[in-house]
Amino acid sequence: MTNKQRLIELYEETLLLSSYIELEHHAKYPITVLHPNQKPEDLTEEELIKLITASVTNMIGQLC
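Residue numbers (the numbering used here): 15 to 78.
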């Protein structure tokens, strides 16, 4: 498994977690803003890291 595949898997797990805590909308929001009309598979490793960070940060912001 490549690093990019692992990052995509981590993003998918982030979305799964967000559905458990009812914050899925907030976790999905960053991709619509940062990379409109793109799928995680289309992004570079660096973009995926920023996307995951933004998704988790957005969820934490809603919880705090």
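Quick reminder that beta carbons are idealized off the backbone N, C-alpha and C, glycines included.
In this text, all values refer to a predicted model and were calculated from it rather than measured experimentally.
Inset, instruction - Quick one: using the 10 Å Cβ neighbour count with 16 as the cut-off for buried, is S33 buried or exposed? - result: So S33 counts as exposed.
Inset, instruction - Work out the CA separation of I66 and L37 for me, nearest whole Å. - result: 14 Å
Inset, instruction - May I ask you to report which of helix, strand or coil DSSP gives T58? - result: coil
Inset, instruction - Could you name the residues of the same chain whose beta carbon sits closer than 8 Å to that of L48, not counting the 5 residues immediately before and after it, in chain order? - result: E61, K64, L65, A68
Inset, instruction - Can you have a look at M73 and say buried or exposed, based on whether 16 or more other CB atoms are within 10 angstroms of its CB? - result: buried
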